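Novice: The listed protein sequences derive, respectively, from chains A and B.
Take 10 as the starting number for the first sequence in our numbering and just add one per residue.
Take 1215 as the starting number for the second sequence in our numbering and just add one per residue.
Idealized CB from N, CA, C, for every residue including glycine.
Just so you know, these numbers come straight off a predicted model, no measurement behind them.
Next up is a structure, given as structure tokens.
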Amino acid sequence: MQSLVIVAHGSHLNPGSAKPTHDHAATIRETGAFDEVRTGFWKEEPSLREVLRTARGDDIYVVPLFISEGYFTERVIPRELRLEGWDPELWDSEGISADTATLIASDIDKEVHYCGPVGTHEAMTDVLIRRAVSVTGDEDVGEGFGFAVVGHGTERNKKSAKAIEYHTERIRETGRFDEVKSLYMDEEPEVDDVTDHFDSKDIIVVPLFIADGYHTQEDIPEDMGLTDDYRKGYDVPTEVDGHRIWYGGAVGTEELTADVILERAADAGADIGNARERIRQRTKPATGTAGE
Amino acid sequence: MINLALSETQLAAFKEQLADGVIDHDGLTADYDADTETYHIETPAHQTSVGADELAAVDTEQAAYITNWYFYTHEVGSEVTRAFCRWLEQAAEHPVADRYDALEAGISREWGQLAITTTISADGTRHYEVRHVDDRDADATALTTHTDPFDAREIGTLDPKGRYRPLRTAPSLKSGWIFPDLSAAEVYETVEAFYPATVVNWDREARGELDVDHWRDEQDRQSGIYNLITVLPDDAVDWAAAACCDDSQCLKRREWQLSENEPLAAEGGDGVFPCRGPCSMAVAAGREWAKLERENTQSYEFELTPSEKEQLEAVIDAVADDEIDEIREADVSKGANRWRVRYLREKRVDEDGNLSGTPTHPDGNDESAD
Ligand code: SF4
């Protein structure tokens, strides 16, 4: 029996924080690739401390629905899950190449496969591109468009910027968009000046965040000038300084993120059959318009 | 008793089990004697020895025990679910025969704010209905029907006033819904979605294996912004437990103490399921209390009438006991009535928000809680 355990941050204040976790869990459950899919949270229930005891499988894959390596994936989660002998060195990563480590979780006296975070997996690049498609409603979007991947910046976590740069580079390598850049909330180049950083008239802006919340729904739209008050909403696209901004909101809400969770588990040895193909089919882009 | 019929599948499973060994389950013992090709079946009221072709015709009491064995060994997946389903039908208190009679009418139990009723069909399969305890007497057609256990998470996200419920075990679950017919696996998932990890912890406790993390364990573990809680005085932990873990705030029964040898004075509550360690809400609150506790007390002088002093106390009670909504608009005799509080503010609070015009920091020292 195989269990997938998705662990995420959650929130005491914002019910939307856990939503992507639950949505992706539901998508994966539907594929039947795992006998069970459990979710656990730092701030919600079941807590990280108790989630493993809700899992019944012999093979347990724990996938952190986090954007980058750092404090949570390296310290909080292993400590709360009680992974015996955990050491970040086991991932042998400089910030973007964490894969998996197999350790005994003393809570259940069983081995678990502790995977790297979703945000640094190469498949996350596809999700960013998928978001570009869903936010523009154009399957072939690319030519004439700039693409900004937005992150927090290094103030809180040095490794978070690495994840942003990693995907920026990978999107650039596809050659699909005219320009691809990393922008940050608390350091240069700043998302506030998005239009200064692009020549393209059309700019797709996608924050590499797991869930929508204060930063992606209030801060970034106001900072970019999409609206003077987030409560009034904004159009997609919105015209700013002669550019059209296609703002996509947190990429983690994109349905295809479920695929990255599966990839993480598969990389750690989970047998997921053809679940990935089915998720890719199932999560075909909608002609969505965030912010409406 | 319900008119039980053993199905082909059940009989096949029964024979298969006895081909390999014996059955000793919940009042049923059975074995197979290969030499005489006879099944010996013993239940509290009957002892029979029958050939394979007579198995289907065993008496109702024995059929009840066999279907009960089949249900619990073949239809209920995990040990935890089995223990939970047995609790739901009060298996420890009632032998199978009585239980089947009771299950025909339905056995109801409460798990937090959930009323869970178990019933049985003619082949011994259990059916579970879950609704809010406040809807106990409601007509099922008046409630919104759900079939997917994971809907429970959505139902439990907001309280009846539309406010987010970060603590799933707060007694603020909204009513008006029903899961009319769940399987054993589904009732487990439904309860798990309403009250995460409560069943597994209850099960560990029932086995005498609940691992409790006391407050001091929690303090030792915290890092980052939360290590502030390490400076929370012991008295304050007691106040915090009384404030947050009381049954009026959380339906878990708090089992954690200051430490294993230092019990807290606060009541742990009477909930069915235990709380095995301070939750993230309690820890986050503890961090805030720790900030507050760093302040020193200060003497203030206020002029209040006796009624005004009592009114302030009434306001504190009304907020702490969530009774604001029960105070009627025109009931100005109540201390926490809005008009009366506004009247007090007009009279006693100056334009800077200071009670009796008394500054919070009289010597200009702007020491605040942060
Ligand atoms: S610590 Fe336990 S009992 Fe107290 S509020 Fe949290 S879950 Fe409830």
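So, are the CB atoms of CYS1385(B) and GLN1327(B) less than 9 Å apart?
Specialist: Locating residue 1385(B) in the second sequence gives position 171, counting from the first residue. Locating residue 1327(B) in the second sequence gives position 113, counting from the first residue. Strictly speaking, residue 1385(B) in this sequence is Pro, with Cys absent from that position. A contact, by the Cβ cut-off of 9 Å.
Novice: Can you tell me where the alpha helix (DSSP H) with TRP1283(B) in it begins and where it stops?
Specialist: Position 69 of the second sequence, counted from the start, is the residue given in the question as residue 1283(B). Here the alpha helix (DSSP H) through TRP1283(B) covers 1274 to 1284.
Novice: For a cutoff of 9 Å on Cβ pairs, would you count GLU1406(B) as touching chain A?
Specialist: Residue mapping note: residue 1406(B) aligns to position 192 of the second sequence, counting from 1. Judged by the 9 Å Cβ criterion, GLU1406(B) is in contact with chain A.
Novice: In chain A, which residues lie less than 9 Å from ALA1498(B) when you measure between Cβ atoms?
Specialist: As a first step, residue 1498(B) is located in the second sequence; it is residue number 284 there, counting from the start. Neighbours of ALA1498(B) on chain A, chain order: HIS21 and LYS52.
Novice: Please return the same chain residues whose Cβ sits closer than 7 Å to the Cβ of LEU1218(B), not counting the five positions on each side in sequence.
Specialist: To locate residue 1218(B), count along the second sequence from 1; it is residue 4. Hits under 7 Å: THR1274, ALA1277, ALA1278, THR1281, ALA1336 and GLY1338.
Novice: Cβ of MET1495(B) versus every heavy atom of the ligand COA: is any distance shorter than 8 Å?
Specialist: The model on display carries the ligand SF4 but not the ligand COA.
Novice: Can you grab the Cα-Cα spacing for the pair ASP67(A) / ASP1434(B), in whole Å?
Specialist: As a position in the first sequence, residue 67(A) is number 58, starting the count at 1. As a position in the second sequence, residue 1434(B) is number 220, starting the count at 1. Approximately 31 Å between the Cα atoms of the pair.
Novice: Counting only C-beta atoms, is ASP1449(B) closer than 9 Å to chain A at any point?
Specialist: By 1-based counting over the second sequence, the position of residue 1449(B) is 235. Answer no: the Cβ-Cβ gap between ASP1449(B) and chain A never drops below 9 Å.
Novice: In whole angstroms, give me the CA-to-CA distance for GLN1231(B) and GLY1241(B).
Specialist: Taking the first residue of the second sequence as 1, we reach residue 1231(B) at position 17. Taking the first residue of the second sequence as 1, we reach residue 1241(B) at position 27. If I take the Cα positions, the gap works out to 17 Å.
Novice: Identify which residue in SER77(A), SER20(A), SER143(A) and VAL249(A) has its Cα closest to the Cα of MET233(A).
Specialist: In the first sequence, residue 233(A) corresponds to position 224, counting from 1. Answer by Cα proximity: VAL249(A).
Novice: Please report whether the beta-carbon of ASN1441(B) lies at a distance below 9 Å from any beta-carbon of chain A.
Specialist: Here residue 1441(B) refers to the residue found at position 227 of the second sequence. Closer than 9 Å: no.
Novice: Would you say VAL14(A) lies against chain B (beta-carbon separation less than 9 Å)?
Specialist: Within the first sequence, residue 14(A) is the residue found at index 5, counting from 1. No - not a single Cβ of chain B is within 9 Å of the one on VAL14(A).
Novice: Would you say GLU59(A) faces chain B, with C-beta separation under 9 Å as the test?
Specialist: As a first step, residue 59(A) must be located in the first sequence, where it is residue number 50. Closer than 9 Å: yes.
Novice: Return the Cβ separation of TYR123(A) and ALA274(A) in integer angstroms, given the expectation that the two are a contact with Cβ distance under 8 Å.
Specialist: On the first sequence, residue 123(A) is found 114 positions in, with the first residue counted as 1. On the first sequence, residue 274(A) is found 265 positions in, with the first residue counted as 1. TYR123(A) to ALA274(A), Cβ: 11 Å. No contact.
Novice: From the beta carbon of PHE130(A), is the nearest beta carbon of chain B less than 9 Å away?
Specialist: Position 121 of the first sequence, counted from the first residue, corresponds to residue 130(A). A small correction: the amino acid at residue 130(A) is His; Phe does not occupy that position in the sequence shown. False, the Cβ-Cβ gap to chain B never drops below 9 Å.
Novice: Please report the Cβ distance between LEU61(A) and VAL127(A), rounded to the nearest whole angstrom; I am assuming they are in contact, meaning their Cβ atoms lie under 8 Å.
Specialist: Numbered from its first residue, the first sequence carries residue 61(A) at position 52. Numbered from its first residue, the first sequence carries residue 127(A) at position 118. LEU61(A) to VAL127(A), Cβ: 19 Å. No contact.
Novice: Could you give the distance in angstroms between the alpha-carbon of ALA1454(B) and the alpha-carbon of LEU1446(B)?
Specialist: Walking along the second sequence from the start, residue 1454(B) turns up at place 240. Walking along the second sequence from the start, residue 1446(B) turns up at place 232. Looking at the two C-alpha atoms, the distance is approximately 10 Å.
Novice: Is the CB of ASP1584(B) under 9 Å away from at least one CB in chain A?
Specialist: The residue you call residue 1584(B) lines up with position 370 of the second sequence. Confidence in ASP1584(B) is poor, its pLDDT being 43 and thus under 50, which makes the residue's placement too unreliable to answer from.
Novice: Where does the unbroken alpha helix (DSSP H) through GLY1500(B) begin, and where does it stop?
Specialist: The sequence position of residue 1500(B) within the second sequence is 286, counting from 1. Segment 1494 to 1507, the alpha helix (DSSP H) holding GLY1500(B).
Novice: Any idea which residues DSSP pairs GLU188(A) with across the strands?
Specialist: The residue given as residue 188(A) occupies position 179 in the first sequence. Beta-bridge pairing links GLU188(A) to GLY155(A).
Novice: What are the boundary residues of the alpha helix (DSSP H) that includes LEU90(A)?
Specialist: Translated into positions along the first sequence, residue 90(A) becomes position 81. Here the alpha helix (DSSP H) through LEU90(A) covers 86 to 90.
Novice: Among ALA1354(B), ALA1356(B), THR1287(B) and THR1371(B), whose alpha-carbon lies nearest the alpha-carbon of GLN1388(B)?
Specialist: The residue you call residue 1388(B) lines up with position 174 of the second sequence. The identity of residue 1388(B) in the sequence shown is Lys, whereas the question assumes Gln. Checked all of ALA1354(B), ALA1356(B), THR1287(B) and THR1371(B); the closest Cα to LYS1388(B) is THR1371(B).
Novice: What do you reckon, are the CB atoms on ALA1398(B) and TYR1342(B) nearer than 9 Å?
Specialist: By 1-based counting over the second sequence, the position of residue 1398(B) is 184. By 1-based counting over the second sequence, the position of residue 1342(B) is 128. Yes, they are a contact pair.
Novice: Helix, strand or coil: how does DSSP classify GLU1474(B) here?
Specialist: Taking the second sequence and counting its residues from 1, the one referred to as residue 1474(B) is at position 260. Coil, per DSSP.
Novice: Going by DSSP in three states, PRO1520(B) sits in which element: helix, strand or coil?
Specialist: One-based indexing of the second sequence puts residue 1520(B) at position 306. PRO1520(B): helix per DSSP, three-state reduction.
Novice: If you draw a straight line from the alpha carbon of ASP1535(B) to that of GLU1522(B), how long is it in whole angstroms?
Specialist: Sequence index remark: in the second sequence, residue 1535(B) carries index 321 (1-based). Sequence index remark: in the second sequence, residue 1522(B) carries index 308 (1-based). If I take the Cα positions, the gap works out to 20 Å.
Novice: Could you round the C-beta distance between SER26(A) and ALA220(A) to whole angstroms and report it? I think they count as a contact, below 8 Å.
Specialist: As a first step, residue 26(A) is located in the first sequence; it is residue number 17 there, counting from the start. As a first step, residue 220(A) is located in the first sequence; it is residue number 211 there, counting from the start. Going by Cβ atoms, the distance from SER26(A) to ALA220(A) rounds to 5 Å, so yes, they are a contact pair.
Novice: Can we say the region 147 to 162 of chain A touches the region 210 to 227 of chain A, given the rule of at least three CB pairs closer than 8 Å?
Specialist: Flag = yes, the region 147 to 162 of chain A and the region 210 to 227 of chain A touch.
Novice: Please decide whether HIS33(A) counts as near chain B, where near means a Cβ-Cβ distance under 9 Å.
Specialist: Translated into positions along the first sequence, residue 33(A) becomes position 24. For HIS33(A), the answer is no, since every Cβ of chain B falls outside 9 Å of its Cβ.
Novice: Beta-carbon separation of VAL1486(B) and TRP1283(B) under 9 Å?
Specialist: In the second sequence, the residue the question calls residue 1486(B) occupies position 272. In the second sequence, the residue the question calls residue 1283(B) occupies position 69. No, the Cβ-Cβ distance between VAL1486(B) and TRP1283(B) is not below 9 Å.
Novice: Where does TRP1416(B) sit, in a helix, a strand or coil, going by DSSP?
Specialist: The sequence position of residue 1416(B) within the second sequence is 202, counting from 1. It is helical.
Novice: Between which residues of its own chain and SER169(A) is the CB-CB distance below 6 Å, once the five residues before and five after are set aside?
Specialist: Stepping through the first sequence from its first residue, residue 169(A) is reached at position 160. Within the same chain, SER169(A) has close Cβ partners SER77, GLY160 and HIS161.
Novice: Looking at the C-beta of GLU1581(B), does it have a partner C-beta in chain A at a distance below 9 Å?
Specialist: Along the second sequence, read from residue 1 onward, the residue named residue 1581(B) stands at position 367. Since pLDDT at GLU1581(B) reaches only 49, below the 50 mark, its modelled position is unreliable, and the value read off the structure follows with that caveat. Judged by the 9 Å Cβ criterion, GLU1581(B) is not in contact with chain A.
Novice: Helix or strand or just coil, what does DSSP make of TRP1325(B)?
Specialist: Translated into positions along the second sequence, residue 1325(B) becomes position 111. Here TRP1325(B) sits in strand by DSSP.
Novice: Tell me the DSSP secondary structure of ASP1545(B) in three-state form.
Specialist: In the second sequence, the residue the question calls residue 1545(B) occupies position 331. Residue state, collapsed to three classes: coil.
Novice: Does PRO55(A) have its Cβ less than 9 Å from a Cβ in chain B?
Specialist: For this step, residue 55(A) is matched to residue 46 along the first sequence. PRO55(A) counts as touching chain B.
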